[in-house]
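A.B. asks: When the letters of the sequence shown are read in order and numbered with the working numbering, they come out as residues 83 to 462.
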Amino acid sequence: MGSNSRIECIFFSEFHPTLGPKITYQVPEEYISRELFDTVQVYIITKPELQNKLITVTAMEKKLIGCPVCIEHKKYSRNALLFNLGFVCDARAKTCALEPIVKKLSGYLTTLELESGFISNEESKQKLVRIMSTLLEELNAKGECTLPIDESNTIHVKLIDQRKDPLIVQEYDVPVFTECKDEFFRSQWDLTTQQILAYIDGFRHIQKISAEADVELNLVRIAVQNLLYYGVVTLVSIFQYSNVYCTTPKVQNLMDNKSVQEECLFYVTKPGQKRASLRDVFQLYCGLSPGTTVRDLCSRYAQQLQRVDERKLIQFGLMKGFIRRLQKYPVKATRGDRSRPPRLYTGCHSYDEICCKTGMSYRELDERLENDPNIIVCWK
Numbered sequence: 083m084g085s086n087s088r089i090e091c092i093f094f095s096e097f098h099p100t101l102g103p104k105i106t107y108q109v110p111e112e113y114i115s116r117e118l119f120d121t122v123q124v125y126i127i128t129k130p131e132l133q134n135k136l137i138t139v140t141a142m143e144k145k146l147i148g149c150p151v152c153i154e155h156k157k158y159s160r161n162a163l164l165f166n167l168g169f170v171c172d173a174r175a176k177t178c179a180l181e182p183i184v185k186k187l188s189g190y191l192t193t194l195e196l197e198s199g200f201i202s203n204e205e206s207k208q209k210l211v212r213i214m215s216t217l218l219e220e221l222n223a224k225g226e227c228t229l230p231i232d233e234s235n236t237i238h239v240k241l242i243d244q245r246k247d248p249l250i251v252q253e254y255d256v257p258v259f260t261e262c263k264d265e266f267f268r269s270q271w272d273l274t275t276q277q278i279l280a281y282i283d284g285f286r287h288i289q290k291i292s293a294e295a296d297v298e299l300n301l302v303r304i305a306v307q308n309l310l311y312y313g314v315v316t317l318v319s320i321f322q323y324s325n326v327y328c329t330t331p332k333v334q335n336l337m338d339n340k341s342v343q344e345e346c347l348f349y350v351t352k353p354g355q356k357r358a359s360l361r362d363v364f365q366l367y368c369g370l371s372p373g374t375t376v377r378d379l380c381s382r383y384a385q386q387l388q389r390v391d392e393r394k395l396i397q398f399g400l401m402k403g404f405i406r407r408l409q410k411y412p413v414k415a416t417r418g419d420r421s422r423p424p425r426l427y428t429g430c431h432s433y434d435e436i437c438c439k440t441g442m443s444y445r446e447l448d449e450r451l452e453n454d455p456n457i458i459v460c461w462k
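#1: Rounded to whole angstroms, how far is the Cβ of leucine 221 from the Cβ of isoleucine 89, which I believe are closer than 8 Å?
#2: Do lysine 104 and glutamate 111 have their C-beta atoms within less than 9 Å of each other?
#3: Identify whether cysteine 460 lies in helix, strand or coil by the three-state DSSP scheme.
#4: What's the call for glycine 102, buried or exposed, on a 16-neighbour Cβ count within 10 Å?
#5: Using 8 Å as the threshold, is the segment 400 to 407 in touch with the segment 327 to 337, meaning 3 or more CB pairs across them?
#6: Measure the C-alpha to C-alpha separation of tyrosine 427 and isoleucine 242 and round it to an integer number of angstroms.
#7: Just the Cα atoms here: how many angstroms apart are lysine 263 and lysine 332?
#8: Closer than 8 Å is the cut-off here; do at least three beta carbon pairs connect the segment 382 to 395 with the segment 438 to 453?
#9: Roughly how many angstroms separate the alpha carbons of phenylalanine 259 and lysine 352, rounded to a whole number?
#10: Roughly how many angstroms separate the alpha carbons of tyrosine 158 and valine 151, rounded to a whole number?
#11: Whole angstroms is fine: what's the gap from valine 139's alpha carbon to glutamine 307's?
#12: Hey, could you find the ends of the beta strand (DSSP E) aspartate 172 is sitting in?
#13: Lysine 516 to glutamate 233, Cα distance in whole Å?
#14: Less than 9 Å separating the beta-carbons of tyrosine 254 and serine 432?
#15: Taking 9 Å as the cut-off, decide whether the C-beta atoms of serine 215 and valine 109 are in contact.
#16: Pull up the CB-CB distance for serine 87 and lysine 144, whole angstroms please, since I reckon it's below 8 Å.
#17: In or out: lysine 340 buried (at least 16 other Cβ within 10 Å) or exposed?
#18: Do the segment 190 to 203 and the segment 154 to 170 meet, that is, are 3 or more Cβ pairs less than 8 Å apart?
#19: Just reading off the alpha helix (DSSP H) that valine 124 is part of, what are its end residues?
#20: Rounded to whole angstroms, what is the Cα-Cα separation between tyrosine 444 and tyrosine 311?
#21: Are the beta-carbon atoms of leucine 136 and isoleucine 127 separated by less than 9 Å?
#22: Please give the ranges of any beta strand (DSSP E) in the segment 358 to 409, keeping only runs that are unbroken, at least 3 residues long and fully inside the region.
#23: Based on the DSSP secondary-structure assignment, which residues constitute the bridge partners of proline 412?
#24: Using the Cβ count rule (16 or more neighbours within 10 Å means buried), how would you classify cysteine 227?
#25: What does the Cβ neighbour count give for serine 115, buried or exposed, with the cut at 16 atoms within 10 Å?
#26: In or out: valine 170 buried (at least 16 other Cβ within 10 Å) or exposed?
#27: Ends of the alpha helix (DSSP H) at cysteine 430?
#28: So for leucine 317, helix, strand or coil by DSSP?
#29: Look at proline 455 and glycine 429 and say whether their C-beta atoms are less than 9 Å apart.
#30: What are the boundary residues of the alpha helix (DSSP H) that includes valine 258?
#31: Is it right to say lysine 246 is buried, meaning 16 or more other beta carbons lie within 10 angstroms of its own, or is it exposed?
#32: Please work out which residues of its chain come closer than 7 Å, Cβ to Cβ, to glycine 235, disregarding the five sequence neighbours upstream and downstream, and give them in chain order.
#33: Thinking C-alpha only, which one of Val239, Tyr190, Leu210, Pro230 is nearest lysine 224?
#34: What are the start and end residues of the beta strand (DSSP E) that includes glycine 102?
#35: In whole angstroms, give me the CA-to-CA distance for leucine 301 and isoleucine 396.
#36: Per DSSP, serine 95 is paired with what?
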């Protein structure tokens, strides 16, 4: 498990009929101080409205996650059994991945109690110390744990990576596979995804994929966003020879990292050609600068490009962050308060977006804007 979600302590708390809320067991011992427990006990052994709900509370630089349980039955003292098995982490820890495990353990213990009185029986309840110790050790070390409780019951828990929400996919974005397309298992994806896979080539943008695959635009965006979520594709901008790029500090990784060098040279070498040289590829990346189009690069470095596919060169550079695209954003310089700029000429919409939304070509858009003295084109 990553250090940012490391479990520092596992505790078992219950409501004692005479002593009230208390911590019965904790691993390691004495980790939760009396002061900390007094501060948070109302969220550990809770009132009915918070029972059977996942609760995360932060206090005294610690974050406690629990799911308080209440089992009502006349056989219990005060007609109810109240308990909570929870985790303690550092207050700055990301605990989203731990929450499903706490909820699952709460359900397991509830089932064990209903079936065999596991919690209410003092002898069987003592097994919790071993269970908690194993959970703490194995979840921190391996991110998963298998716990035999008795002959007929075993607990299985596993941390699931919490992925960030993917970027919103726009119609002018270009999806690129991050793994070999030939190794892609089509059958594991939905029908829409299967229908568009053949059109994802690293150069067609979303709108073009939608038109050529005859799939509604929003469905394509949703399918690609799903692929993006699972890391199967990444997004780059539309390739054109009039595009302008510049290098980023990350281009140094190409010189420092041997495995990146191998991956790059394999990726950018033209089919049927002898493998491109690292010197040529690095020189091509460094030749990209503000004011230099890809067409200019091809003219200046024709010899270096004999074995290098310039489209693949740009694609790989964008995927690895070696280069970034400088895009044009038109701004209407309005005069007076009454005249409002056209919706797409606000400085927030790139040429890629405007051309996709209007159906104009880059050349047509250039000509239109050049003939309007009130339009300023910003590069950024």
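Note that beta-carbon positions come from the ideal geometry of N, C-alpha and C, so glycine has one too. Keep in mind that this is a model prediction, so the values were computed, not measured.
C.D. replies: Working from what's here:
#1: Residue mapping note: residue 221 aligns to position 139 of the sequence shown, counting from 1. Residue mapping note: residue 89 aligns to position 7 of the sequence shown, counting from 1. Indeed, because the Cβ distance is near 6 Å, the residues count as touching under 8 Å.
#2: Counting from 1 along the sequence shown, the entry for residue 104 is found at position 22. Counting from 1 along the sequence shown, the entry for residue 111 is found at position 29. Contact flag unset, no.
#3: Here residue 460 refers to the residue found at position 378 when the sequence shown is read from its first residue. Looking at cysteine 460 - three-state DSSP - the assignment turns out to be strand.
#4: Translated into the one-based positions of the sequence shown, residue 102 becomes position 20. It counts as exposed.
#5: yes
#6: Counting from one through the sequence shown, the residue named residue 427 turns up at place 345. Counting from one through the sequence shown, the residue named residue 242 turns up at place 160. The straight-line gap from Cα to Cα measures roughly 44 Å.
#7: As a first step, residue 263 is located in the sequence shown; it is residue number 181 there, counting from the start. As a first step, residue 332 is located in the sequence shown; it is residue number 250 there, counting from the start. Distance between the alpha carbons of lysine 263 and lysine 332 is about 26 Å.
#8: Segments in contact, no.
#9: Counting from 1 along the sequence shown, the entry for residue 259 is found at position 177. Counting from 1 along the sequence shown, the entry for residue 352 is found at position 270. C-alpha separation (whole angstroms): 18 Å.
#10: Here residue 158 corresponds to residue number 76 of the sequence shown, with the count starting at 1. Here residue 151 corresponds to residue number 69 of the sequence shown, with the count starting at 1. Answer to the nearest angstrom: the Cα atoms are 14 Å apart.
#11: The sequence position of residue 139 within the sequence shown is 57, counting from 1. The sequence position of residue 307 within the sequence shown is 225, counting from 1. Rounded to whole angstroms, valine 139 to glutamine 307 spans 33 Å at the Cα level.
#12: In the sequence shown, the residue the question calls residue 172 occupies position 90. 162 to 172 is the span of the beta strand (DSSP E), which, as asked, contains aspartate 172.
#13: The question about residue 516 has no answer here: the residues shown for the chain are numbered 83 through 462.
#14: In the sequence shown, residue 254 corresponds to position 172, counting from 1. In the sequence shown, residue 432 corresponds to position 350, counting from 1. It is a contact, given that the beta carbons lie within the stated cut-off.
#15: By 1-based counting over the sequence shown, the position of residue 215 is 133. By 1-based counting over the sequence shown, the position of residue 109 is 27. For the 9 Å CB-CB criterion, serine 215 and valine 109 form a contact.
#16: Start at 1 with the first residue of the sequence shown, and residue 87 comes out as number 5. Start at 1 with the first residue of the sequence shown, and residue 144 comes out as number 62. Going by Cβ atoms, the distance from serine 87 to lysine 144 rounds to 14 Å, so no, they are not a contact pair.
#17: Your numbering for residue 340 matches position 258 in the sequence shown. Per the 10 Å Cβ criterion, exposed.
#18: Yes: at least three Cβ pairs fall under 8 Å.
#19: Numbered from its first residue, the sequence shown carries residue 124 at position 42. From DSSP, the alpha helix (DSSP H) with valine 124 extends over 116 to 126.
#20: Indexing the sequence shown from 1 puts residue 444 at position 362. Indexing the sequence shown from 1 puts residue 311 at position 229. Rounded to whole angstroms, the gap between the alpha carbons of tyrosine 444 and tyrosine 311 is 31 Å.
#21: If you number the sequence shown from 1, residue 136 lands on position 54. If you number the sequence shown from 1, residue 127 lands on position 45. Cβ distance not < 9 Å, so leucine 136 and isoleucine 127 don't count as in contact.
#22: 405 to 408
#23: Position 330 of the sequence shown, counting from 1, holds the residue named residue 412. In DSSP, proline 412 forms a bridge with Val459.
#24: Taking the first residue of the sequence shown as position 1, residue 227 is located at position 145. So cysteine 227 ends up on the buried side.
#25: Residue mapping note: residue 115 aligns to position 33 of the sequence shown, counting from 1. By the 10 Å Cβ count, serine 115 comes out exposed.
#26: Within the sequence shown, numbered from 1, the residue matching residue 170 stands at position 88. Its Cβ being crowded by 16 or more others within 10 Å, valine 170 is buried.
#27: For the purposes of this step, residue 430 is taken as residue 348 along the sequence shown, with counting starting at 1. Cysteine 430 -> no alpha helix (DSSP H), and no H or E assigned at all.
#28: Along the sequence shown, read from residue 1 onward, the residue named residue 317 stands at position 235. The answer is strand: DSSP assigns leucine 317 an E or B state.
#29: What you label residue 455 is simply residue 373 of the sequence shown in a count that begins at 1. What you label residue 429 is simply residue 347 of the sequence shown in a count that begins at 1. Result no, Cβ atoms of proline 455 and glycine 429 do not sit closer than 9 Å.
#30: In the sequence shown, the residue the question calls residue 258 occupies position 176. Element bounds for valine 258: not the alpha helix (DSSP H) but the beta strand (DSSP E), 256 to 259.
#31: Within the sequence shown, numbered from 1, the residue matching residue 246 stands at position 164. Lysine 246 is exposed by the Cβ-count criterion.
#32: Along the sequence shown, one-based indexing puts residue 235 at 153. According to the sequence as given, residue 235 is asparagine; it is not glycine. Result list for asparagine 235: Leu194, in chain order.
#33: Taking the first residue of the sequence shown as position 1, residue 224 is located at position 142. Ranking Val239, Tyr190, Leu210, Pro230 by Cα distance to lysine 224 puts Val239 first.
#34: Within the sequence shown, residue 102 is the residue found at index 20, counting from 1. Per DSSP, glycine 102 belongs to the beta strand (DSSP E) from 102 to 109.
#35: What you label residue 301 is simply residue 219 of the sequence shown in a count that begins at 1. What you label residue 396 is simply residue 314 of the sequence shown in a count that begins at 1. So the alpha carbons of these two residues sit roughly 28 Å apart.
#36: Position 13 of the sequence shown, counted from the start, is the residue given in the question as residue 95. Answer is Ile105, Asn166, bridged to serine 95.
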